[in-house]
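Q:
Residue numbers (my numbering), protein chains in the order written: chain F, 1 to 137; chain P, 1001 to 1252; chain G, 2001 to 2196; chain B, 3001 to 3083.
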């Protein structure tokens, strides 16, 4: 299984990467798109006014960008249609599935904890404003 | 106190940095640590002696098996110690502690519980995979055990502690931790009765129809299972005690 | 000390940056263990100290251009052996296993890795030592946290100076039998005041 | 300086930052979470150095279980710290 962990493999020569296959280009585009969404999530985390909108940015941006980057990796590693490539693809899809399940759940749990703690959302509705976000007690 | 701390830190830092200049250069293959006969021997001979491709597992469970056994004992002792420190006894145990103000008494969250219900079997399956596949990929008893214990902790976090304690009560956890060490020591003793030394797994080939190398391979798996038992149960016991102030009820 | 046209500094910061960071982390942990007043902060400092030492050990095991310490398929001395074994085993499993194994050994002439091949793998020994250290570390962290909770139950605080003061008061003026429940009550009162 | 070395240096610097933040914040819950981040960075660093087994253990233990232990304790004692 050591082929999965090429962390210390020597860096690829410049001369080798002469031409990118179509799959690799697709994968890199997806990964770049994921990075863009990460940037958006980070900006949102800093710029949004209250807890809920900030969590919204972090939760959605994180999930989508992780998925995009992982799918990009899957395409990049899957350029030779070998058995090992299929195995790797399967594992990456496992991770994608895991993130799709856990990331929204953790965002939801955090939001709920904040709501029960009585954090008030920023709103224009005067009726909501008076009542506040938490209805605990 | 702060001034004393700064003085000590500066002194130690100076000494360490002074020593750091004498270290071998970063990643030097000729450094004394990498070039010693011991390390070279492990890299060269592990595959011949044990048929295990992952050298770390082989060195952990076979060459340094005695060390690992007592590391497991240390974890077991930690589990017992936490119960001894935190568990309420005598007068305190009988009186029911009042609920604290900040204690969570809401119903468990629907979305979280459903996700956890979906994930826990996968996590436990993955723990078994990590445990069993530790010979050819990163993994082994410690990692698999921690992941397994984490799955129980996840149940306790998503619902509440009693729900997790239904699956694995703390008393049973400590019992199973002992069983893990018994598995480990038992394999060692079996090898001893078969004529070898303590934890000399190769001797097991006299009663099992495998070669000496494969005997070591399979005995390592048995030993890792013992480690996983102890680590799983002790991790959960520590969590259960810590999160409930030793009351083993209510809790986080 | 840091003279000689920055030679020493360069040596430390460029070639041994990992060691520098290990020293810095170790010092951060040490400082926290000595100077921090809060017991949980002390424990976090202890964990940082511990990981710094583990970082040091793992850094020692790194080799330039080396792979992780798991045999590549082409280097595994028993790489094909296992498959052959599986093929042959069903025929006569219990008849003469050791003899057949010996025969295989003759076939494949299992041999250790050469020096050239050995150089391609990172040093596994520090990894092994540190792997157990991590798990034992979390177990000891658990024990320490249990002690912290116990201290909190007894004194109602986890600040070091307040605990020391409570212990001093207990041992001096007030008789010990009365002292502990009194301090406990005071602590719980303080806690209630904070909550309200 | 190759890409991997740059990555290494980045993680090392972030490690020190995370350690300092974990020790400087007054809220112990934040300290626990930042300590989990520190552990995760450490795990990345070890995976990059080729110590995959150690990294795996640290990912399971440091970032997972020990952070939960710390948070469980913080939940049961008080949350704010004097320093």
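For every residue, glycine included, the Cβ atom is placed at its ideal position computed from N, Cα and C.
Because the structure is a prediction, the values reported are computed rather than measured.
#1: Are the beta-carbon atoms belonging to residue 1183/P and residue 1226/P less than 7 Å from one another?
#2: Within the continuous alpha helix (DSSP H) that includes residue 191/F, where are the two ends?
#3: Just to confirm, are residue 1108/P and residue 2119/G a CB contact at a threshold of 7 Å?
#4: Should residue 3062/B be flagged as near chain P, meaning a C-beta pair shorter than 7 Å?
#5: Does the segment 64-73 of chain F come within contact of the segment 30-41 of chain F, defined as at least 3 CB pairs closer than 8 Å?
#6: For residue 2054/G and residue 2029/G, which I take to be in contact (beta-carbon distance under 8 Å), what is that distance rounded to the nearest angstrom?
#7: Is there at least one Cβ from chain B nearer than 7 Å to residue 1001/P's Cβ?
#8: Do the segment 1118-1126 of chain P and the segment 1202-1213 of chain P touch if we need at least three Cβ pairs shorter than 8 Å?
#9: When you compare only the Cα positions, how much space is there between residue 1200/P and residue 1058/P?
#10: So who's on the other strand from residue 1969/G, going by DSSP bridges?
#11: Output the distance between the C-alpha atoms of residue 3009/B and residue 3042/B, rounded to the nearest integer angstrom.
#12: Of all the CB atoms in chain F, is at least one closer than 7 Å to the CB of residue 1035/P?
#13: Comparing alpha-carbon positions, which option in 1196/P, 1238/P, 1047/P lies nearest residue 1993/G?
#14: I'd like the span of the alpha helix (DSSP H) that includes residue 1023/P, first residue to last.
#15: Quick one, which of 1177/P, 1213/P, 1248/P has its alpha-carbon nearest residue 1234/P's?
#16: Can you name the start and end residues of the alpha helix (DSSP H) that residue 86/F belongs to?
#17: By the criterion of Cβ-Cβ separation under 7 Å, what are the contact partners of residue 105/F in chain P?
#18: If the cut is a Cβ gap below 8 Å, which residues of chain P does residue 102/F touch?
#19: Near residue 3007/B, which residues of its chain fall below 8 Å by C-beta distance, leaving aside the five closest residues on each side in sequence?
#20: I think residue 2073/G touches residue 1042/P, with their Cβ atoms under 8 Å apart; what is that distance to the nearest whole Å?
#21: Could you work out which residue in 1012/P, 1132/P, 1242/P is closest to residue 2153/G when comparing CA atoms only?
#22: In this structure, how does DSSP classify residue 2160/G when only helix, strand and coil are distinguished?
#23: Could you check whether residue 3039/B and residue 3070/B sit closer than 7 Å to each other, using their CB atoms as the reference points?
#24: Closer than 7 Å by C-beta to residue 62/F: which residues in its own chain qualify, once you throw out the five before and the five after it? Chain order, please.
#25: Touching or not, the segment 111-120 of chain F and the segment 2016-2024 of chain G, by the rule of three or more beta carbon pairs under 8 Å?
#26: Using C-beta distances below 7 Å, list every residue in its chain close to residue 1136/P, excluding the 5 sequence neighbours before and after it, in chain order.
#27: Measure the C-alpha to C-alpha separation of residue 2128/G and residue 2071/G and round it to an integer number of angstroms.
#28: Have a look at residue 195/F and residue 3030/B and give me their C-alpha separation to the nearest angstrom.
#29: Drop a sphere of 10 angstroms on the beta-carbon of residue 2036/G, count the other beta-carbons inside from all chains shown, and report buried for 16 or more, exposed for fewer.
#30: Just mark residue 2085/G as buried or exposed, buried being the case when its beta carbon has 16 or more other beta carbons within 10 Å.
#31: Look at the alpha carbon of residue 2141/G and the alpha carbon of residue 1082/P, and state the distance between them as a whole number of angstroms.
#32: Does the distance between the C-beta of residue 2156/G and the nearest non-hydrogen atom of the ligand GDP fall short of 6 Å?
#33: Measuring alpha carbon to alpha carbon, tell me which of 2038/G, 2050/G, 2043/G, 2044/G ends up nearest residue 2216/G.
#34: Within the 7 Å Cβ cut-off, does residue 3019/B reach chain G?
#35: Starting from the beta carbon of residue 109/F, find every residue of chain P whose beta carbon is closer than 7 Å, and list them in chain order.
#36: Out of 1163/P, 1050/P, 1024/P, 1185/P, which has the shortest C-alpha to C-alpha gap to residue 1253/P?
A: On the basis of the data shown:
#1: Yes, Cβ-Cβ distance for residue 1183/P and residue 1226/P is below 7 Å.
#2: Not covered by the structure: residue 191/F. The range shown for chain F is 1 to 137.
#3: For residue 1108/P and residue 2119/G, no; Cβs fall outside 7 Å.
#4: Answer no: the Cβ-Cβ gap between residue 3062/B and chain P never drops below 7 Å.
#5: A contact exists between the segment 64-73 of chain F and the segment 30-41 of chain F.
#6: Under the criterion of beta carbons closer than 8 Å, residue 2054/G and residue 2029/G do not qualify as touching, at roughly 12 Å.
#7: So, not an interface residue.
#8: Between the segment 1118-1126 of chain P and the segment 1202-1213 of chain P, the count of Cβ pairs shorter than 8 Å is below three; the stretches do not touch.
#9: A straight-line Cα-Cα distance of about 13 Å links residue 1200/P and residue 1058/P.
#10: In the structure as shown, chain G begins at 2001 and stops at 2196. Residue 1969/G is therefore absent and cannot be evaluated.
#11: Rounded to whole angstroms, residue 3009/B to residue 3042/B spans 12 Å at the Cα level.
#12: By this cut-off, residue 1035/P is not an interface position.
#13: Because chain G spans 2001 through 2196 in this model, residue 1993/G falls outside it and cannot be assessed.
#14: Element bounds for residue 1023/P: n/a, residue is neither H nor E.
#15: Nearest Cα to residue 1234/P within the set 1177/P, 1213/P, 1248/P: 1177/P.
#16: Start and end: 83-116.
#17: In chain order: 1111, 1112, 1115.
#18: Correct list: 1115, 1119.
#19: Excluding sequence neighbours, residue 3007/B sits near 3048.
#20: Actually they do not touch by this definition, with Cβ atoms about 19 Å apart.
#21: Answer by Cα proximity: 1242/P.
#22: For residue 2160/G, the secondary structure class from DSSP, reduced to helix, strand or coil, is helix.
#23: Taking the C-beta atoms as reference points, residue 3039/B is found no nearer than 7 Å to residue 3070/B.
#24: Close CB contacts of residue 62/F within its chain, under the 7 Å cut and outside five residues either way in sequence, are with 41, 103 (chain order).
#25: Contact between the segment 111-120 of chain F and the segment 2016-2024 of chain G is absent, because fewer than three Cβ pairs lie under 8 Å.
#26: Correct list, in chain order: 1053, 1054.
#27: If I take the Cα positions, the gap works out to 16 Å.
#28: Residue 195/F lies beyond the range of chain F shown here (1 to 137); nothing can be said about it.
#29: Buried, since its Cβ has 16 or more Cβ neighbours within 10 Å.
#30: Low per-residue confidence applies at residue 2085/G: pLDDT is 45, beneath 50, and the placement is therefore not dependable, though the value from the model is reported in the following sentence. Buried.
#31: Looking at the two C-alpha atoms, the distance is approximately 10 Å.
#32: Questions concerning the ligand GDP fall outside what the structure shown contains, since it holds no ligand whatsoever.
#33: The displayed coordinates of chain G run from 2001 to 2196. Any statement about residue 2216/G would go beyond what the structure contains.
#34: By the rule that beta-carbons nearer than 7 Å mark a contact, residue 3019/B touches chain G.
#35: Within chain P, the residues near residue 109/F are 1109, 1112.
#36: Past the edges of chain P, shown from 1001 to 1252, lies residue 1253/P, and the structure says nothing about it.
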